[in-house]
Amino acid sequence: MIINHPLLGPCDAQEFIYKGDARLIDRPDGMSDGAEAAFYDYAYLRDNPAGEHRELWFHEQGDRSWLVVTRNTLTHEITSVELARDVARSRGRSA
Amino acid sequence: MHDLAPLTALGTTRPRQDTIGPLTISEAPDWALASVAARLEQERACADALAGLLGGPAPGIAQHVQGAELGAFWIGPHIWLIEAPYTPDLAQRVKSACGGSASVTDQTDAWVRFDLTGGGIVAVMERLSNLDIAQMQPAQARRTVIEHLGCYVIRHADSLTIYGPRASAQSLHHALVTAAKSAL
Amino acid sequence: MRLPSGGQIDRTQKLSFRFDGQYYKGHPGDTLASALMANGVRLMGRSFKYHRPRGVLTAGSAEPNALVALRTGGRQEPNTRATTIELFDGLQAFSQNAWPSLRFDALAINDRLSNFLTAGFYYKTFMWPAAFWEKLYEPLIRRAAGLGAITTKPDPDAYDKGFVHCDILIIGAGPAGLMAALTAGRAGARVILADEDSRMGGQLNSERFAIADMTAPDWAAQILAELSTRPNVRLMSRTTVFGAFDHGIYGAVERVSDHLPRPAQGKPRQILWRIYSRRAILATGALERPIAFANNDRPGILNAGALRSYANRWAAAPADTVAVFTNNDDGHRTAADLMAQGITVAALIDTRADAPTLPGVECLAGAQVIDTTGRLGLNSVTVRLANGRTRKLKVGALGVSGGWNPNLALSCHQRGRPRWDDTIAAFVPTADLPPGMSVAGAAEGQFSTHAALSTGAARATQALADLGRIATPPDLPQTEDTPSRITPFWHVTGDKRAWLDFQNDVTVKDVKLAHQEGFRAVEHLKRYTTLGMATDQGKSSNMGGLAVMAELTGQSIAQTGTTIFRPPYTPVALGALAGRSTGQDFRPRRLTPSHTWATEQGAVFVEVGLWMRAQYFPRAGEKTWRETVDREVLATRASVGVCDVTTLGKIDVQGRDAAEFLNRIYCNGFAKLAVGRVRYGLMLREDGIAFDDGTAARLAEDHVVVTTTTANAVAVYRHMEFARQCLWPDMDVQLISTTEAWAQYAIAGPNSRKLLQKLVDPGFDISNDAFPFMACTEITVCNGCPARLFRISFSGELAYELAVPTRYGDALMRRIMAAGAEFDLTPYGTEALGVMRIEKGHAAGNELNGQTTALNLGMGRMVSTKKDSIGAVLSRREGLNTPDALRLVGFRPKNPKARIPAGAHLLAKGAQMLAANDQGYVTSACYSPCLQTHIAIGFLKDGAARMGESLRAVSPLTGEDIEVEIVSAHFIDPEGERLRA
Amino acid sequence: MRYSGFRVIKEALTGHKGWTSAWRDPDPQPHYDIVIVGGGGHGLATAYYLASQFRQHKVAVIEKGWIGGGNVGRNTTIIRSNYLLDGNEPFYEFSLKLWEGLEQDFNYNAMVSQRGILNLIHTDAQRDAYIRRGNAMILNGADAELLDVAQLKREYPFLNYDDARFPIKGGLAQRRGGTVRHDAVAWGYARGADSRGVDILQNCEVTGFRIENGQCLGVETSRGFIGAGKVGVAVAGNSSRVMAMAGMRLPIESHVLQAFVSEGLKPVIPGVITFGAGHFYCSQSDKGGLVFGGDIDGYNSYAQRGNLPVIEDVAEGGMALFPGLGRVRLLRLWGGIMDMSMDGSPIIDRTDIDGLYFNGGWCYGGFKATPASGWCFAHLLATDQPHETATAYRFDRFQRGYMIDEKGMGAQPNLH
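Residue numbers (numbering that gives the first Met the number 0), protein chains in the order written: chain A, 0 to 94; chain B, 0 to 183; chain C, 0 to 980; chain D, 0 to 415.
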C-alpha cells in the first residue's frame, strides 16, 4: 500500500506501524467519574467497519509522524491522510 | 584535550573505503550531527536561529541545505539534523544559537555516514531502497529502509550520503558493498 | 524433429545438454522443450496421480506437463517448466515423479486402478483402524504424491530485491504491449515494459503474417530497437509480473541468471522487483485451452497454437505428420502455418458443421476426435465424422484448439471477477480492475493483431491523459485483422476418460461425480476434485471444468462463475521473495561499542534482539560457563566489575513539559523529580499491564534522559510519540533516541567509586555525599571527554553507569580495564548481570512478560491514584486485583544443589499434577554463587503473604520436581545498604 | 450413506452410480429451534454436535455463499493444543481429543494427521517461556516434549543449524499436533449434520435480526425471514458486521492473514515447524505442497488479500530457517479475514439479547478449535450453560479484567 503522507507525499506503507482505530486519540480523562467504563470502551470496543475506517499509522521509518489515514477496509482505497497531531487538536486535545 | 582514541563506526581507526566498478563507498567518520527540535510555539524563533546558523532558510520538508560551515536536513515536523565537519561541541554551539527556542541533542555518534561517489549510484540504490533515487533531486533528503535499517539518504549533485544506525554500521556496509557488486 | 529452415534459433552454434542422462544438442534460442522436441523426444514427464506419460502441452509458462528437475546439487530445481528453460551448454535436466524410469514407471499401476481412485475417494476410506492413517495410509499416499524432489542443501545462489518507479507499467511485450510502450515512450513518460519471455514480442515471435511490410518478429524487433534507445523506457525481459498489489505496486521477478550455467560472481540468480506504478497496462495476451476427449493426454497432443509456435519460432515439431482439432478459426491458421513449415497435416478436424475450408488440407467439418492410441506417445487418433462414421488417422502429433482465454489473471488480483463474453466464448476482464490498470489486446479479448495494436495505443493514450500528458498515438501499421470465429465446444462425450486437468489427472468423469455428490459450487468443484490446483494454477484446465459443470447443472457458464485468480501469476522461487535476508544476513546486527574489545577478550556473544552482547568472558581453565559466570559475579560483588549496557534504550526528553509528560507516561510520580536525580519508573500499557521499566534522569529542568529495556526501546519510543502527538499535542516535549549515540558501561561493586575516581576529571566530586545513590550528572573523564554519570544499580551493589560518545567507547573500556587492574576489575556479561539481578529480585523480561501488573510485580503501590497516567484506570479492574493475585516472590530449594527450572509451576506438596492445583510459576532462576545455592524468582498466588511456606517447583516437561521455600525476592542486601554505600 | 473402503470398491465396480449428494439442498423452513448463522467450520460443527450430542434436530445452518468458503477453507490446516493459559489450554486440549476421534465419529476421512508440531527456541528467555508453557500443557493433560539441538538435528536435519542469525537452541514439540485436510472438515461436519436432519441453507445471507423486547426471534435473510428459538452466530471474518445488525460493538478488529502453498514436492517436512525468531511456520500437505504462513498484514481489512511486505517477510523467515527452500516455488497465496480479539482469545457467550448467542474472535487460531468450538457452542445453545472448558470465553472479561492474553500484547489486536 501507499500512504500519501501530508508532508512527504507517497510513502510505502511498509515504513509505517499500524495502531488501529483513530478513536484512540479520544482518551478519556482518568480522573473523571466513570473513568473505568469509559476506558473499557476506549481500550476494547471497536466499530471495525467494513468500509471507511479512520486509523492511526506511525511513520516509524520516516519522519516519525503519527497519521490519521482514512482507508476503505474492503478495497484498501485511501481517501485522506492527516497529521494525527492536527486531528488531535481539532478534537479538542491540548496539553 | 582528552586522550581517548576514537574508533570509526566500522570499528577501526581509519575509515573504510571500497571501490566497486565506477562506484566508491566511503565511510565518513569526520562529521558531527546534532538534532534541533523546535519548542512548542517557538517554531518561528527556532527557524530563525537555524537560518542564522546556516546563512539561509532552514531546510523545508525532505530538503537538505548546505551553509557555509554547517549543513542541515529536515527529518520531521519542526525537527532537523545539523551536520558539520567533526567537532565535539556542535550540539553546544547549536544550542547556544537556538537559545530557548529548541531542544538540541548531540547525534554525532548515533549514526554512521557513508558517501557514495562515482557512477552507478542509481543502479545500486534501487537494489536497496524504495526511494525513487533516479528522480531524486540534489538537496533532497529522505528517510528510507535499507536491508531492515532505517537510514537517511541525501542526494547531492554527484554523490549520495547515507546515514545509518551506528551500531549496525557493519551490516549496512555489507549491504551496500553486496548491492554494488551485484548491480555494477 | 528439427525443421530444415526458419525459427529464431542460431543454427551456427550448438549447445550440448542432457535429459535423464542422455546427451542431446540444441541451439541458442531453444528452450529445453523445443530442443527435446527437435531431438524427437515427446515423453517428458508423468502426471501426478495416475503417473500417465506426459509430453509438452504449451510453448510457455502455462505448461502443466513438461515439468523437469533442472540442475544438480544445491541448485536442483524441481517442477521446472521445460517450455521456459532457455537452453545453455551443459544443461542437465531430469524427469520426475517416475520410478524406476520415465518410460517404465511402477506407479503407473495407479492408472489401472483409476476407477477406484476417483475424485475424493480418500475422504471415504482409510478410516479404520484410526491409528493406521499416520502409520500406513498416509505415508503411502505421501510417497506417491508430490511432483519433484528438492534438495535439502542450502541454495548456493543469491537473490536480490529491487525497487523501481514508473509512470506506466506495461505487462507483456506482444503487439498490444509494444504499441502501448511506443505510445507512452514517445510521449516522454517513464515506462517499464516487462515480459516473462527472454525474447520480447510475445505472440508475434510465433507468427508468419506481416506487419507493415515486415515479418511479425522483425516488426517487433524494430519497435524494441527504438524503445531501447529511449532513456525513459526500461525494457525488462525475463521478468514476470506475478502480482498486482494495492495502490499500483506490482511484484515482479527477473530471472537474471537462469539462462546461464550459474550466476556470475556476485550476481544474483533472480531479482524480486517491487514496481511502483502510477498506471499499468495489462497486455498479457491469451492462452489457448484444450478440448477434452478420450485419451487426450498422450505425449504428442499439444495445444494447436503451441504446435504453431514450435514450428515457427523454434523450427521444431513433435512429428512430421500431424492433425489439428479445433472449434475455431485459429486452428486453421495453425494448420496453414504448419504446412508452410513443411509439416504434413493429415486432417483439420473442426467441430463446427459450418467450418471454413483451408487449401491444401482435408477439413473434416463437424467432426470430433473420439480416441487416441500410443502408450508413450501419440500413434493415431480416431475421428468421428459428421456422418457418424469413424476414421483413424496415423499421426505423431495432434494440435488441439478449444479457443483462447484472455490471460487476465492479474486483472483479478484485487478480487475483480471476469465477465463471460459469448462472442469469443471466454471470460474477459470487467471494469472492476485494480485501480490504475487497463487491459489491452488479447488480454482484453481483442484477438486480432490490428485490434491489439490499436487497443495498446489507446490504453496508453488514456493512461497518459490520466497523468496529464498528451500523446500522439503512432500510426498503426497494416496487419491482419481477421475475426476469430468460434463455436464453443468443450468435451467429446464418451465413456473413456477425457482429461481436463492434465497434471492432477482430473477428468470429465470426476467433474460428473462431484456434481453427483453435490460439490457444484466452483470452489467446491475445485477443492473436491483438485481441478485447477496444479502448478499451472488451472490455466489449462479451469475453463473446461467449469464448462462441464455448467452443462451438468444446466446453468450458463456466466452463472456458474469462476474461481478467484490469486497471486502469483506463475510460481515464484522463495529465494527471490527473501532476497538477501538469509543466513547470517536474515536481519542486521547491532554491535556494542565494546564489541571489538570483548571479542579480543574471548567473550561468548548472545543475540539479544538485534544486538550481539557479551554473554560471559571465559578464562583459560574454566570448564563450564557456570564456572565463568560464578567468578564474574563473585568478583563484582567482592570488588568491582564492568559490563557494557549500551543496549538499553535511551530517549532524550526535552521541553518545558518534559517532567509532566513523564508523569503521565509512568505510573509513578515524576513531576517532582529534582534536577540531578534519577528515578526508577514503571510504565503501564493503557490496559493496566506493565509495559516497561527503566530510569529517568533529570539533567535539567527541561531535560530528562529516559532509559528503557533493551527489548522495548523501539516500542517505548513509539508509545511516547503517540502520547506526545495524539494525546497531549500541546505539551512542550521533544523526543529523540540517543541509544546508539552513547557508549554506556555499568561499573559495579564496592570498589566502583574508587575506580571511577581514577577516570573522572578533577573538579567533579563523586563522593557519596556529593553524588549519592540515584544521582546523575554531566561530567568529563580522561582529561576532558564529555560523559554522563548515573549512580544507579541493577546488581544491587554500589554502582554507576558511565556514558561517553560512542566513538570513544572502545578506548574508554580499555581505560577502565587499565584503571581497574589494581582492584582486579572483572568484565561481566549478560549471564552474570542476570544472576545479580535475580539475587537482587529485580524484574526483567521474564517478569515483564506482558501479562503482569504492577501489583504482581510487587509495585502495586507505585501506581499513583493522584494523577492520570497511562494504564492507571484499567489497572484497577477487579480481575487484576483479586485477593489471590500473583505476587513476585523468591524461591530457595530445600537442597541448595537442586536447580530450580525456570518455567516450573508451583504446586503444594502432595498435590496432584493438575492445572487445578497450579499456584504460579517460576520466571527466572540461577545459581547464586554468593548464597551458594540455586535460587529463583517467580509469581505465586497471594505470594506476599506466604513467606516461609514450602512448595514444589514442578517441571514435568524436564522431569524435575523440586521442593522450595518461599522467600523474599530480594536475596541480597534487602535493605539496600550496599547501593547507598 | 455410510462411507467405507468396501463402498468405494463396490461403487468403482458399478460405475460410481450409487454415490449420492453429500448434503441436501433444502428450502428454508419458517421456523427452527436453533439457527446457526455461518456455514463455516464452527457453524457446521455446532450444528453437527447439536444434532449428535444434544438431540437438537430442528436446526438450520445458514450460509451466505457456499459452505466452507470462509476461514475453514483458507487456513494452514494446523491442529495443536500447545497453549499456556488456563483459560485456553483445557479448551484446545478438548479440541485435540475431538480431532483424534473425529473421522470415525462423522464417517469422513478428514486426514487428521498427528505428525507433530514443533516450536523452535532461539533464546534462553524463549526456552524459559516454552518450559512454562510445556508444563502448563502437561498439567492440563496434553502432551509436550522439550527437544535439544541434537534431537532436532536427527528429526529435522534440513534446518539451518550452522549459519543462522538466530541459532536454534531447542524446541517444544507436541507430538499429537499435526494437520487436517481443511475442506474435508467442513464437508464432514456438513454431511454429518445433514444426515441428522440439520438443514444447510447455502446462498442464504442474513440481512438482519428480528429483535423484539430484547428477545431475538429469528433472522431476516435473502431467502426470507427464518424464525428461531435461538440464534447462534459463528461468522469468523464478519463478526463485527453481523453483530452490528444486532446493535452490538465487539472487542474485535478484522485483519487479513495471508497463507501460502508451494508447488508439489516429494515428502521433506515431517511435521509442522514454527520458527521462533521470525514469522514463519510450515508443514507439508499429503499432496506435497509446503503449506506455510507468517504474521498478519497488520491493518484492518475485509479484503481477503494482502500485500508484498508480509509475503517477503514470510519468505525471509522460511529461508532463514530452511536454506534449501530457495528454489522451491510459491504456487498460490491467499488471504483470510481474522477476527482478532483484544486479548487474542475467543468469545463463546450469550449476548445481552435473549436468544442471541455469539461465537467469534478466534484470531488466527480458529481452525484447530473447530471441534471444541462447535461442541461448546452447541452446549451453550442447548443448555444455556457454558461448557466446562469454555467458561473463560466471556464477553465481560475485558470489562472485569480477566483477559486471556497468551502473548501478553494487550488491547492491540494486530499483535496477538
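Glycine is no exception: its CB is placed at the ideal position from the N, C-alpha and C atoms.
- prompt: Grouping DSSP H, G and I as helix and E and B as strand, with all else coil, what is C:HIS933?
  reply: As a working mapping, residue 933 of chain C is identified with position 934 in the third sequence. Assignment of C:HIS933 by DSSP, reduced to helix, strand and coil, places it in the strand class.
message: So C:CYS784 contacts chain B; which residues on that side make the cut at Cβ distance below 8 angstroms?
response: By one-based count along the third sequence, residue 784 of chain C stands at place 785. Going along chain B in sequence order, the residues near C:CYS784 (Cβ under 8 angstroms) are HIS1 and LEU3.
task: Using DSSP bridges, identify the partner residues of C:SER954.
output: Indexing the third sequence from 1 puts residue 954 of chain C at position 955. DSSP, once it has assigned bridges, lists C:GLU959 as partnering C:SER954.
message: Tell me the residue span of the alpha helix (DSSP H) that contains A:GLU35.
response: Residue 35 of chain A sits at position 36 when you count from the first residue of the first sequence. From DSSP, the alpha helix (DSSP H) with A:GLU35 extends over 34–43.
- request: Kindly indicate if chain C contains any beta-carbon less than 8 angstroms away from that of B:LEU6.
  value: For this step, residue 6 of chain B is matched to residue 7 along the second sequence. Answer yes: the Cβ-Cβ gap between B:LEU6 and chain C drops below 8 angstroms somewhere.
task: Work out the CA separation of C:GLY299 and C:ALA396 for me, nearest whole Å.
output: The residue you call residue 396 of chain C lines up with position 397 of the third sequence. The residue you call residue 299 of chain C lines up with position 300 of the third sequence. Rounded to the nearest angstrom, the two C-alpha atoms are 4 angstroms apart.
- prompt: Can you list the residues of chain B that A:GLY91 reaches, using a CB-CB cut of under 9 angstroms?
  reply: As a first step, residue 91 of chain A must be located in the first sequence, where it is residue number 92. Ordered by position in chain B, no residue passes the 9 angstroms Cβ test against A:GLY91, which lies about 17 angstroms from the chain.
query: Between the C-alpha atoms of C:LYS896 and C:PRO617, what's the straight-line distance to the nearest angstrom?
result: As a working mapping, residue 896 of chain C is identified with position 897 in the third sequence. As a working mapping, residue 617 of chain C is identified with position 618 in the third sequence. Using only the alpha carbons, I get a separation of about 23 angstroms.
- request: Find the residues of chain B that neighbour A:SER64, judging by a C-beta separation of less than 8 angstroms, and give them in chain order.
  value: In the first sequence, residue 64 of chain A corresponds to position 65, counting from 1. Listed by position along chain B, the residues whose Cβ is nearer than 8 angstroms to that of A:SER64 are GLY75 and PRO76.
- prompt: If you draw a straight line from the alpha carbon of C:ARG655 to that of B:GLY98, how long is it in whole angstroms?
  reply: Your numbering for residue 655 of chain C matches position 656 in the third sequence. Your numbering for residue 98 of chain B matches position 99 in the second sequence. One C-alpha to the other measures close to 13 angstroms.
message: For C:ARG102 and C:TYR136, what's the separation of their Cα atoms in angstroms?
response: On the third sequence, residue 102 of chain C is found 103 positions in, with the first residue counted as 1. On the third sequence, residue 136 of chain C is found 137 positions in, with the first residue counted as 1. Taking the straight line joining both Cα atoms gives about 27 angstroms.
field: Start and end residues, alpha helix (DSSP H) containing B:CYS45
entry: Taking the second sequence and counting its residues from 1, the one referred to as residue 45 of chain B is at position 46. Here the alpha helix (DSSP H) through B:CYS45 covers 42–53.
message: Output needed for C:SER256: all residues of its chain with C-beta closer than 8 angstroms, excluding positions within five of it in sequence on either side, in chain order.
response: Within the third sequence, numbered from 1, the residue matching residue 256 of chain C stands at position 257. Taken in chain order, the residues that qualify are ASP156, PRO262, ALA263, LYS266, PRO267, ARG268 and GLN269.
task: Go to C:GLU550, then tell me how far its alpha helix (DSSP H) extends in each direction, as first and last residue.
output: Here residue 550 of chain C is taken as the residue at index 551 of the third sequence, counted from 1. First-last of the alpha helix (DSSP H) with C:GLU550: 541–552.
- request: Check whether the region 644–651 of chain C touches the region 702–717 of chain C, counting contact only when three or more Cβ pairs, one atom from each stretch, lie closer than 8 angstroms.
  value: Touching, per the Cβ criterion.
field: Closest residue to B:ALA96 among B:LEU22, B:CYS45, B:ARG15 and B:ILE145 (Cα-Cα distance)
entry: The count along the second sequence starts at 1 and reaches residue 96 of chain B at position 97. The candidate whose alpha carbon is nearest that of B:ALA96 is B:CYS45.
Given 8 angstroms, three or more beta-carbon pairs between the region 154–172 of chain D and the region 577–588 of chain C: Contact holds between the region 154–172 of chain D and the region 577–588 of chain C, because three or more Cβ pairs, one in each stretch, are under 8 angstroms apart.
query: Under 8 angstroms between C-beta atoms, does C:ALA871 make it to chain A?
result: For the purposes of this step, residue 871 of chain C is identified with residue 872 of the third sequence, where counting begins at 1. Cβ-Cβ to chain A under 8 angstroms: yes for C:ALA871.
query: Over what stretch of residues does the alpha helix (DSSP H) that includes C:THR448 continue unbroken?
result: Reading the third sequence from its first residue, position 449 is the one you call residue 448 of chain C. 448–465 is the span of the alpha helix (DSSP H), which, as asked, contains C:THR448.
- prompt: Going by alpha carbons, who is nearest to C:ALA68 out of C:LYS48, C:PRO52, C:ALA61 and C:LEU90?
  reply: Indexing the third sequence from 1 puts residue 68 of chain C at position 69. If we check each option's Cα against that of C:ALA68, C:LEU90 comes out closest.
Chain-ordered neighbours of B:ILE60 on chain A, where CB pairs are closer than 7 angstroms: Locating residue 60 of chain B in the second sequence gives position 61, counting from the first residue. Correct list: LEU6 and LEU7.
field: Interface residues of chain B facing C:ARG898 [CB-CB closer than 7 angstroms]
entry: In the third sequence, counting from the first residue as 1, residue 898 of chain C sits at position 899. In chain order: nothing, as chain B lies at least about 35 angstroms away.
- prompt: Skipping 5 residues on each side, what residues in its chain have a beta carbon closer than 6 angstroms to that of C:LYS525?
  reply: For the purposes of this step, residue 525 of chain C is taken as residue 526 along the third sequence, with counting starting at 1. Only residues of its own chain outside the window of five on either side were considered, and among them GLY531 and THR562 have a CB closer than 6 angstroms to the CB of C:LYS525, listed in chain order.
- prompt: What is the DSSP secondary structure of C:SER276, counted as helix, strand or coil?
  reply: The residue given as residue 276 of chain C occupies position 277 in the third sequence. For C:SER276, the three-state secondary structure derived from DSSP is strand.
task: Would you mind working out which of D:LYS16, D:SER3 and D:PHE5 sits nearest C:GLN515, comparing C-alpha positions?
output: Reading the third sequence from its first residue, position 516 is the one you call residue 515 of chain C. Taking the Cα of C:GLN515 as reference, the smallest distance to any Cα among D:LYS16, D:SER3 and D:PHE5 is reached at D:LYS16.
task: Report, in whole angstroms, the separation of the C-beta atoms of C:PRO428 and C:LEU452, which I expect to be a contact under 8 angstroms.
output: On the third sequence, residue 428 of chain C is found 429 positions in, with the first residue counted as 1. On the third sequence, residue 452 of chain C is found 453 positions in, with the first residue counted as 1. The pair is not a contact, with the Cβ atoms about 19 angstroms apart (cut-off 8 angstroms).
task: Leaving aside the five residues before and after B:ASP2 along the sequence, list all residues of the same chain whose C-beta is less than 8 angstroms from its C-beta, in chain order.
output: Counting from 1 along the second sequence, the entry for residue 2 of chain B is found at position 3. Around B:ASP2, the same chain offers no residue with a beta carbon nearer than 8 angstroms, after the five sequence neighbours per side are excluded.
For A:ILE2 and A:ALA12, believed in contact at Cβ under 8 angstroms, the rounded distance: Position 13 of the first sequence, counting from 1, holds the residue named residue 12 of chain A. Position 3 of the first sequence, counting from 1, holds the residue named residue 2 of chain A. 5 angstroms between Cβ atoms; contact.
query: Where does C:SER593 land, buried or exposed, given buried means 16+ other C-beta within 10 angstroms?
result: Position 594 of the third sequence, counted from the start, is the residue given in the question as residue 593 of chain C. C:SER593 should be labelled buried.
query: How big is the Cα-Cα spacing for C:LEU512 and D:VAL7?
result: Stepping through the third sequence from its first residue, residue 512 of chain C is reached at position 513. Stepping through the fourth sequence from its first residue, residue 7 of chain D is reached at position 8. Rounded to whole angstroms, the gap between the alpha carbons of C:LEU512 and D:VAL7 is 13 angstroms.
query: For C:ILE169 versus C:THR448, is the C-beta distance shorter than 8 angstroms?
result: What you label residue 169 of chain C is simply residue 170 of the third sequence in a count that begins at 1. What you label residue 448 of chain C is simply residue 449 of the third sequence in a count that begins at 1. Between C:ILE169 and C:THR448, the gap from beta carbon to beta carbon reaches 8 angstroms or more.
query: Is C:GLY828 buried or exposed, if buried means 16 or more other CB atoms sit within 10 Å of its CB?
result: Reading the third sequence from its first residue, position 829 is the one you call residue 828 of chain C. With 16 or more other Cβ atoms within 10 Å, it is buried.
Chain B contact for C:ARG468 (CB, 8 angstroms cutoff): Taking the third sequence and counting its residues from 1, the one referred to as residue 468 of chain C is at position 469. Chain B, which has no Cβ nearer than 8 angstroms to the Cβ of C:ARG468, makes this no.
message: Considering only their Cβ atoms, is the gap separating C:ALA81 from C:LEU982 smaller than 8 angstroms?
response: The structure shown does not extend to residue 982 of chain C, since chain C spans only 0 to 980, so no value can be given for it.
query: Between A:ILE2 and the ligand GDP, is the CB less than 7 angstroms from at least one heavy atom?
result: The ligand content of the structure shown is nil, which means the ligand GDP is not present either.
- request: Answer with yes or no whether the minimum CB distance from C:HIS718 to chain B is below 8 angstroms.
  value: Taking the first residue of the third sequence as 1, we reach residue 718 of chain C at position 719. C:HIS718 does not count as touching chain B.
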